[in-house]
Amino acid sequence: MKIHEYQARELLTATGVAFLPSQVARSIDEAVEGYRKLGISSCVVKAQVYAGGRGKAGFVKLVKTEQEVRDAAKFMLGNRMVSVQTGPEGVPVTVIMITPAVEIAKEYYISITVDRSKNTATLIASAEGGVEIEEVAKKTPEKIIKVPLHPTMGLLPFMAGDIAARLGFEGALARDAAKLVTALGKAFYKYDASLAEINPLVLTKEGKLLALDAKVNVDDNASFRHRDVEAMGDESQEKPLDVRARKANLNYIALDGTIGCLVNGAGLAMATMDIIKLHGAEPANFLDVGGSVTADGAVEAFRIILSDAKVKGVLVNIFGGIAKCDLIAEALVQAGQQVGFKLPVVVRLEGTNVQRAREILAAAKGALPTLVIADDLEDAARKVVAAVKKAA
Amino acid sequence: MTANVIPLPNMAILVNAATRVICQGITGSAGAFHTKACLEYGTKMVGGVTPGKGGTKDANGLPVFNTVREAVASTGASATMIFVPPPFSGDAIMEAADAGIRTVVAITEGIPVLDMVKAKAFLQAYPDTTLIGPNCPGIITPGACKIGIMPGYIHTPPGKAKAGKTVGIISRSGTLTYEAVWQCTQRGIGQTTCVGIGGDPVKGLNFIELLRLFNDDPATDSIIMIGEIGGSDEEAAARFIQANVRKPVVAFIAGRTAPPGRRMGHAGAIISGSEGTADSKIRALREAGAKVCDSPAALGSALAAALGIAG
C-alpha cells in the first residue's frame with residue numbers, strides 16, 4: 032500500500048521523527064492560507080503524487096511571496112505531473128504540501144526494508160545522501176551502511192548509536208541521529224512497513240537534524256491490521272484498470288503489447304509473457320487471477336483485458352491447482368456471452384477439473400466462434416501469435 | 061508392468077508413503093477440499109486442527125482437534141499442511157514446530173512479511189522441523205505422499221517412469237511447477253519429489269537446501285530448478301551448483317520480459333545490488349553449468365536431452 036508524503040510524515044511524526052511543520056492544500060486559497068499559517072517567507076511547495084522525479088519535472092518549487100505560492104499552486108493543482116517515473120500520461124496532482132525551506136549543510140539517506148537473504152529487516156544508511164542512492168550503492172558500496180535488525184526485538188538502542196556514529200555524527204547530534212533512527216524503526220514495525228525511508232535526512236546550516244522527505248509503504252499482506260493507513264490510499268494516483276483489478280483481487284499490470292494474458296500464478300503469468308515474446312509478439316499485460324479466484328473475479332479479468340484497446344488477441348493459460356479449470360471455463364463462456372469475443376481467444380487448460388472444463392468449452396464452442404483450444408503452452412503461444420499476426 | 065518399464069528404488073526426500081499428515085485449517089473450504097484430494101491421492105491424512113471444533117469429525121471422518129499438540133499425541137502425525145487464514149498463519153507454523161511436527165507445509169498466501177520474520181526466527185530453536193512455504197503449492201513424492209494443492213494426476217512415480225530416469229523439481233512458482241512436472245511426465249521421466257518453495261521473501265526451505273537433498277538422493281538422476289526475478293536466491297543457488305552438484309540441472313527463470321522496477325523499490329535494489337534481474341540469474345546458472353531454457357515449454361525436452369533420452 033502506498034501513501035502520500037504528507038501522510039508518511041504524519042505516521043513518522045507520531046513515532047518521533049523530526050520534521051519541520053507543514054500545511055496541506057487542495058486549492059489555491061488553501062495554499063495561501065497554509066503559507067500564512069507557517070509564517071515563514073521562504074517555503075517549498077511540493078506536489079503530492081505516487082511518483083518520484085518531482086524536482087526535475089517542476090513540481091517542487093521554492094516560493095518567497097504569496098503571489099509565488101498562488102502561482103505554484105495554480106500550476107500544480109489540477110495539472111498532471113510527467114516525470115521519468117510516470118510514463119507519458121503522468122499522474123494527477125490534487126494535493127500539495129507547503130513547508131519551510133531550509134539551508135542544507137549535508138544530506139543523508141536512511142531506510143528500513145526486509146532483506147530476504149537475511150530473513151529480517153535491515154536498516155540502510157549513507158552519509159552520501161541527496162544523490163541517486165542506487166548509484167552510490169553501485170559505485171561505492173563501502174559508503175552504504177547496512178545493519179540487520181533483530182527479527183523479534185527489532186532495532187535495539189546500540190544499533191541506533193552505531194548507525195549514528197558510522198554516519199559521522201558526534202556529541203548532541205549523535206544523540207539526535209540515534210533518536211531519529213530509533214523513531215524510524217518504531218514506525219517500520221508499528222505500520223508493518225515494507226519500506227520506511229527518509230531521503231534526504233539533512234543537517235541544516237544552523238546545525239539541526241531534520242527529515243525533509245519521507246516514504247512509507249505498508250505491506251499489502253498486513254492491510255488487515257492497518258485499515259486506517261489503507262483508508263489513506265489515493266485511487267487517483269493509480270490507473271483506472273489497476274484500481275478495478277485490485278478491487279477484484281486480481282494482480283494486474285498493464286504493458287505495451289497486443290496479446291492479453293489471463294493466467295493463474297505469478298510465475299506462470301511471467302513465463303506466459305516470456306513465451307509470447309519468444310514467439311515474436313508482445314504481451315499487453317501481466318494478469319495473475321490467483322488461486323482463490325471466483326467466477327465473478329474471472330469474468331472481471333476478461334472484461335479488464337478486453338477493455339484495453341491495444342489488445343488484439345487473448346491467451347488464457349490455466350494450470351489448475353487450487354484454482355479450478357471448470358470455474359475458469361465457465362467464467363470464460365459467461366464473459367464471452369456478456370462482452371462478446373470479437374478477438375481470437377486461445378485457451379490452454381490443464382490441472383484440477385480439466386475434464387469438466389473441456390466439456391464446458393466444447394459445448395460453448397458454437398456460440399463463441401473465436402475460441403481456440405490449445406494442447407499445451409507451446410501450442411497456445413504459437414496459436415495466439417499467429418492469430419494476432421493474421422488479423423493485423 | 062510393461063517390459064520397457066525399469067523399476068527404480070522408491071526413494072524420495074522429506075516425505076514418503078509412511079508420512080502421517082494433519083491439516084491445520086481442515087474445516088475451512090480450501091483445507092477441506094484439499095484434505096479430501098490428498099486422501100484420494102493416497103496420502104496418510106490422519107486428522108486436522110481447527111480451534112473450537114475439537115472432538116468433531118471432518119467430511120472424510122478424520123478426527124478434528126483444537127490444538128496441534130493434541131493432534132500429534134492422538135495420531136502420531138509428523139507432517140502438517142497449513143490452510144489457516146493469513147492473520148493466524150505465523151502462529152500456526154510456530155504451534156506446529158512446538159508440537160514436534162517435522163515437516164511443516166504452509167500453503168497460505170498473504171501472510172504479513174513481519175509475521176514470517178518472527179516465525180522463521182522462532183524455528184531456529186527447532187532444528188528438527190523443516191518449513192516449506194508459505195505461499196506455495198506444497199510437496200509431493202509421486203505415488204506416495206502429496207501434501208499440498210498440486211493436481212496429483214500430472215505426476216509420475218519413479219517406478220512408472222517409461223524412460224527409466226528421474227528428476228527432482230524445485231520451484232518458486234506454483235503453477236509453473238505443474239508445467240515442468242507435466243512436461244516430464246509426457247516424456248516418461250519420473251519425479252522423485254517436487255517441492256514448491258513459495259514466492260514470499262521470507263520462507264522456509266530454499267533452493268540450496270533442496271539442491272543438496274536431491275544431489276544426495278540416490279534415486280534422483282537430475283534436477284529441474286525454476287526461479288523468477290527478484291532477490292538473489294538463484295544466484296546463490298548457482299554458486300552452490302557449481303561447487304557441489306554433480307547431476308544435470310535444467311533451469312528456467314520467469315520474468316525476462318517483466319518491466320523493470322515494478323516490484324522492487326530503491327531499498328530492495330540496493331540490497332540485491334546487480335543481482336535480481338532475469339539476466340543476472342540466467343548468466344549465473346549457465347556459468348555454473350546448468351542448462352537454462354529460454355522457453356518454459358522447453359523444460360521437458362531439455363531435461364530429456366540432458367539425460368540422454370531420445371525423443
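Listed in order, the protein sequences are those of chains A and B.
Using this note's numbering, the first residue of the first sequence is number 32, and each one after it goes up by one.
Using this note's numbering, the first residue of the second sequence is number 61, and each one after it goes up by one.
Backbone N, C-alpha and C fix where the C-beta goes; we use that ideal spot for every residue, glycine too.
Exposed unless 16 or more other CB atoms sit within 10 angstroms - verdict on residue i
i                     : result
residue 71 (chain A)  : exposed
residue 193 (chain B) : buried
residue 39 (chain A)  : buried
residue 255 (chain A) : exposed
residue 187 (chain B) : exposed
residue 94 (chain B)  : buried
residue 119 (chain A) : exposed
residue 351 (chain A) : buried
residue 306 (chain B) : exposed
residue 156 (chain B) : buried
residue 184 (chain A) : exposed
residue 327 (chain B) : Caution is warranted here: a pLDDT of 49 is assigned to residue 327 (chain B), below 50, making its placement in the model unreliable, and the coordinate value is therefore given only provisionally. Classification of residue 327 (chain B): buried, given that the 10 Å Cβ count is 16 or more.
residue 271 (chain A) : exposed
residue 357 (chain B) : buried
residue 67 (chain A)  : exposed
Close beta carbons around residue i, own chain, < 7 Å, minus the five adjacent residues each side
i                     : result
residue 200 (chain A) : 208
residue 110 (chain B) : 85, 86, 87, 124
residue 323 (chain B) : Confidence in residue 323 (chain B) is poor, its pLDDT being 45 and thus under 50, which makes the residue's placement too unreliable to answer from.
residue 303 (chain A) : 292, 294, 346, 348
residue 248 (chain B) : 221, 222, 223
Span of the alpha helix (DSSP H) around residue i
i                     : result
residue 89 (chain B)  : 89-101
residue 368 (chain A) : 356-370
residue 146 (chain B) : 146-158
residue 305 (chain A) : 297-309
residue 234 (chain B) : 234-246
residue 333 (chain A) : 326-337
residue 278 (chain A) : 271-278
residue 361 (chain B) : 359-366
residue 135 (chain B) : 128-135
residue 341 (chain A) : Run containing residue 341 (chain A): none; DSSP gives neither H nor E here.
residue 396 (chain A) : Neither: residue 396 (chain A) is in no alpha helix (DSSP H) and is coded neither H nor E.
residue 268 (chain A) : Counting along the chain, residue 268 (chain A) falls outside any alpha helix (DSSP H), and DSSP gives it neither H nor E.
Where the beta strand (DSSP E) through residue i begins and ends
i                     : result
residue 208 (chain B) : 205-208
residue 266 (chain B) : Unbroken run through residue 266 (chain B): none, as it is neither H nor E.
residue 131 (chain A) : 127-131
residue 312 (chain B) : 309-314
residue 22 (chain B)  : Outside the modelled stretch of chain B, which goes from 61 to 371, sits residue 22 (chain B), for which no answer is possible.
residue 285 (chain B) : 282-288
residue 345 (chain A) : 344-351
residue 138 (chain A) : 135-146
residue 176 (chain A) : 176-179
residue 222 (chain A) : No beta strand (DSSP E) holds residue 222 (chain A); DSSP gives it neither H nor E.
Under 8 Å between C-beta atoms of residue i and residue j
i                     : j                     : result
residue 93 (chain A)  : residue 132 (chain A) : yes
residue 79 (chain B)  : residue 104 (chain B) : yes
residue 170 (chain B) : residue 197 (chain B) : no
residue 329 (chain A) : residue 320 (chain A) : yes
residue 240 (chain B) : residue 286 (chain B) : yes
residue 211 (chain A) : residue 49 (chain A)  : yes
residue 298 (chain B) : residue 345 (chain B) : yes
residue 225 (chain B) : residue 281 (chain B) : yes
residue 147 (chain A) : residue 218 (chain B) : no
residue 345 (chain A) : residue 318 (chain A) : no
residue 73 (chain B)  : residue 228 (chain B) : yes
residue 135 (chain A) : residue 156 (chain A) : no
residue 301 (chain B) : residue 338 (chain B) : no
residue 424 (chain A) : residue 55 (chain A)  : Nothing can be reported for residue 424 (chain A): it is not among the residues displayed for chain A, which extend from 32 to 423.
residue 316 (chain A) : residue 32 (chain A)  : no
residue 75 (chain A)  : residue 63 (chain A)  : no
Same chain only: Cβ atoms within 8 Å of residue i, ignoring 5 sequence neighbours per side
i                     : result
residue 273 (chain A) : 283, 284, 285
residue 59 (chain A)  : 101, 104, 105, 108
Own chain, CB closer than 6 Å to residue i, minus 5 neighbours either side, in chain order
i                     : result
residue 243 (chain A) : 231, 233
residue 152 (chain A) : 143, 145, 180
*If you measure beta-carbon to beta-carbon, which residues of the segment 235-248 of chain B are closer than 9 Å to chain A?*
Of all residues in the segment 235-248 of chain B, 235, 236, 237, 238, 239, 242, 243, 246 have a Cβ within less than 9 Å of some Cβ in chain A.
*Report the residues of the segment 280-308 of chain B with a CB closer than 8 Å to any CB of chain A, ordered along the chain.*
286, 288, 289, 291, 292, 293, 296
*Could you list the residues in the segment 187-212 of chain B with a C-beta less than 7 Å from some C-beta on chain A, going in chain order?*
197, 209, 210, 211
*asked:* At a CB distance below 8 Å, what residues from the segment 278-302 of chain A approach chain B? Give them in sequence order.
replied: If the cut-off is 8 Å between Cβ atoms, the segment 278-302 of chain A has 284, 286, 294, 295, 296, 297, 298, 299, 301, 302 near chain B.
*Any residues in the segment 107-131 of chain B with a beta carbon nearer than 9 Å to a beta carbon of chain E? Which ones, in chain order?*
Within the model displayed, chain E is absent; protein chains A and B are what it includes.
*asked:* Beta carbons nearer than 8 Å to chain B: which residues of the segment 146-176 of chain A have them?
replied: So the list reads 146, 147, 148, 150, 151, 152, 153, 155, 164, 165, 168, 169, 172, 175, given in the order they occur along the chain.
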